[in-house]
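The listed protein sequences correspond, in order, to chains A and C. Numbering of the first sequence is given in my numbering, commencing with residue 5 and proceeding in unit increments. Numbering of the second sequence is given in my numbering, commencing with residue 5 and proceeding in unit increments. Yeah, the Cβ is synthetic: ideal placement off N, Cα and C, and Gly gets one too. Structure, as structure tokens:
Number of protein chains: 2
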Amino acid sequence: MVEKPAVRPGGRSARVQRAVHEAVKTLDEEVPRDKLSVPLVAERAGVTPSTIYRRWGNLKELLADVAAERLQPDAPVADTGSLEGDLMAWAGEYMEEMTSTPGQQMLADTLGSTSLEQRQRCLKAQQHQLQLILSRAEARGETPLPTVERLLDGIMAPLTYRLSYAPQSLSKANLAQWIAATLR
Amino acid sequence: MVEKPAVRPGGRSARVQRAVHEAVKTLDEEVPRDKLSVPLVAERAGVTPSTIYRRWGNLKELLADVAAERLQPDAPVADTGSLEGDLMAWAGEYMEEMTSTPGQQMLADTLGSTSLEQRQRCLKAQQHQLQLILSRAEARGETPLPTVERLLDGIMAPLTYRLSYAPQSLSKANLAQWIAATLR
DNA sequence: GCTTTAAAGCAAATATTTTGCGTTAGAGGA
DNA sequence: TCCTCTAACGCAAAATATTTGCTTTAAAGC
Numbered sequence: 005m006v007e008k009p010a011v012r013p014g015g016r017s018a019r020v021q022r023a024v025h026e027a028v029k030t031l032d033e034e035v036p037r038d039k040l041s042v043p044l045v046a047e048r049a050g051v052t053p054s055t056i057y058r059r060w061g062n063l064k065e066l067l068a069d070v071a072a073e074r075l076q077p078d079a080p081v082a083d084t085g086s087l088e089g090d091l092m093a094w095a096g097e098y099m100e101e102m103t104s105t106p107g108q109q110m111l112a113d114t115l116g117s118t119s120l121e122q123r124q125r126c127l128k129a130q131q132h133q134l135q136l137i138l139s140r141a142e143a144r145g146e147t148p149l150p151t152v153e154r155l156l157d158g159i160m161a162p163l164t165y166r167l168s169y170a171p172q173s174l175s176k177a178n179l180a181q182w183i184a185a186t187l188r
Numbered sequence: 005m006v007e008k009p010a011v012r013p014g015g016r017s018a019r020v021q022r023a024v025h026e027a028v029k030t031l032d033e034e035v036p037r038d039k040l041s042v043p044l045v046a047e048r049a050g051v052t053p054s055t056i057y058r059r060w061g062n063l064k065e066l067l068a069d070v071a072a073e074r075l076q077p078d079a080p081v082a083d084t085g086s087l088e089g090d091l092m093a094w095a096g097e098y099m100e101e102m103t104s105t106p107g108q109q110m111l112a113d114t115l116g117s118t119s120l121e122q123r124q125r126c127l128k129a130q131q132h133q134l135q136l137i138l139s140r141a142e143a144r145g146e147t148p149l150p151t152v153e154r155l156l157d158g159i160m161a162p163l164t165y166r167l168s169y170a171p172q173s174l175s176k177a178n179l180a181q182w183i184a185a186t187l188r
């Protein structure tokens, strides 16, 4: 049904994937969104357009794939010493990243994609990060601890909702309030 | 900067807009999404493709425009006799609509659009509906009343988040719980 | 090494998008 | 009511992008 992104992870396939992803990321900073095209990406990546069409289908899905990958956490979550602090640090950084122009693009790319798969990757990553934060809180002996689900509904959901519908209305104060209310 | 959708509301312009919107809506039920194209819509609507390109820019923006329009409430909100009941009825209907395949498409179309404008239209509509429900509750003497903002953060945000990231995990029970927690 | 094959390249065939210019319909004034 | 003005549309040619059939390449597995 759905092809895995890297059937032959070690070789040419992987090289092409890296080159194409890299090309998308650099071009996205150089050209306005409506000028970004498959042939342009292909040229920068040093591959033929048909390779991209055969592998990703169309520009939209390629962009969703790249965005989903970029949303995978690369840096470990900071340890501030408290659950509330960790949440504020992590979600605050996420908020900052996603209110920027490229961040807004990434959000639109993932949410606009036809395939649920990419969004599920992002959700998994968020769940994983939150679980990590919760485990640390548990090790510290903080209690009572909320569930990951509760953190998603209480913090990430309103954050994401506003990132999409009213990004200019977002502030750290908002975030702090959601976190406090969710931990109460 | 951003052209108003109907500069000459009474005439040919409006007719073309209606025909194009109508064409998108019917075609969206007939052909798979990746077969939907501007030329196809143009033919069905009885206009030339260049008209659509000049007016909407590209397919993505056209779809976002149509989706935003469809998300404008047409039916008045049911009056169930209580704030909680009204919220459950209204949000429940929304949830049902948006978990369907065309609903998921509409959501992706609006959230994937480059222009914030369309999403703001949807937000305005939701705020308006919620305000209506709150006003009725106030007339009934229900108290204390939450703010519209609180309803958005507590109910619509988690609903929307799950509609995008994990639609299969949604249930009426979830919704009821968010509503109850938000009114508490 | 050899064989096998998934994925890439190439190029021709289609399809879509853009653009310049002529035409039309409706808004606003006389 | 008629006239004028112009935004929006139609048309068709040019420019781009997408699809497709076939060939070639490189990496996996023996």
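Would you check if the distance between the CB atom of residue i and the CB atom of residue j is smaller than 8 Å?
i: H132 (chain A); j: V70 (chain A); result: no
i: L179 (chain C); j: L115 (chain A); result: no
i: E88 (chain C); j: L187 (chain C); result: yes
i: A141 (chain A); j: L149 (chain A); result: yes
i: M160 (chain C); j: Y165 (chain A); result: yes
i: L111 (chain A); j: A170 (chain C); result: no
i: R58 (chain A); j: A27 (chain A); result: no
i: P109 (chain C); j: A72 (chain C); result: The amino acid at residue 109 (chain C) is misidentified as Pro; the sequence shows Gln. Against a cut-off of 8 Å, the Cβ pair of A72 (chain C) and Q109 (chain C) comes out as no contact.
i: T118 (chain C); j: R154 (chain A); result: no
i: M92 (chain C); j: I183 (chain C); result: yes
i: V42 (chain C); j: I56 (chain C); result: yes
i: W94 (chain C); j: V81 (chain C); result: yes
i: D113 (chain C); j: A68 (chain C); result: yes
Counting only C-beta atoms, is residue i closer than 8 Å to chain A at any point?
i: Q133 (chain C); result: no
i: T180 (chain C); result: Residue identity check: residue 180 (chain C) is Ala in the sequence provided, not Thr. Cβ-Cβ to chain A under 8 Å: no for A180 (chain C).
i: A82 (chain C); result: no
i: K8 (chain C); result: Summary for K8 (chain C): the model assigns pLDDT 37, below 50, so the residue's position carries little reliability; its value from the coordinates is reported in the next sentence. It does not; no Cβ of chain A falls within 8 Å.
Out of the options, point me to the one whose CA is closest to residue i's CA.
i: A185 (chain C); options: C:S54, C:L156 and C:S168; result: C:L156
i: D83 (chain A); options: A:S173, A:I159, A:E146 and A:I137; result: A:I137
i: T30 (chain C); options: C:S17, C:K64 and C:L44; result: C:L44
i: L66 (chain A); options: A:M92, A:R16, A:D32 and A:R166; result: A:D32
i: K39 (chain C); options: A:N62, A:A23, A:D113 and A:R22; result: A:N62
i: S86 (chain A); options: A:G158, A:G145 and A:A129; result: A:G145
i: P77 (chain C); options: C:M99, C:A129 and C:M92; result: C:A129
i: S54 (chain C); options: C:A79, C:R154, C:S117 and C:V20; result: C:V20
i: G50 (chain C); options: C:K64, C:A23, C:A68 and C:E34; result: C:A23
i: S104 (chain C); options: C:R16, C:A46 and C:S168; result: C:S168
i: T151 (chain C); options: C:S139, C:A143 and C:L174; result: C:S139
i: Q124 (chain A); options: C:D90, C:S173 and C:R125; result: C:S173
i: G107 (chain A); options: A:S17, A:T147, A:L75 and A:G158; result: A:L75
Compare the C-beta of residue i against all C-beta atoms of chain C and say whether one is closer than 8 Å.
i: M92 (chain A); result: no
i: R123 (chain A); result: yes
i: R12 (chain A); result: No answer about R12 (chain A) holds up, because its pLDDT of 43 lies below 50 and its placement is not dependable.
For the segment 77-108 of chain A, list the alpha helix (DSSP H) runs that are entirely contained and at least 4 residues long, ordered along the chain.
-> 87-103
Going along the segment 138-169 of chain C in order, which residues come within less than 9 Å of chain A, judged by CB to CB distance?
-> L156, D157, G158, M160, A161, P162, L163, T164, Y165, R166, S168 and Y169
Determine which residues of the segment 99-126 of chain C have a Cβ less than 9 Å from any Cβ of chain A, and write them out in chain order.
-> Q108, Q109, L111, A112, D113, T114, L115, G116, S117, T118, L120, R123, Q124 and C126
Give, in chain order, every residue of the segment 42-68 of chain C whose Cβ lies closer than 7 Å to some Cβ of chain A.
-> Of all residues in the segment 42-68 of chain C, none is placed with a Cβ closer than 7 Å to any Cβ belonging to chain A.
Residues within the segment 22-44 of chain C neighbouring chain A, beta-carbon criterion of under 7 Å = R37
May I have a chain-ordered list of the beta strand (DSSP E) segments no shorter than 3 residues that lie completely inside the segment 93-179 of chain A?
-> none
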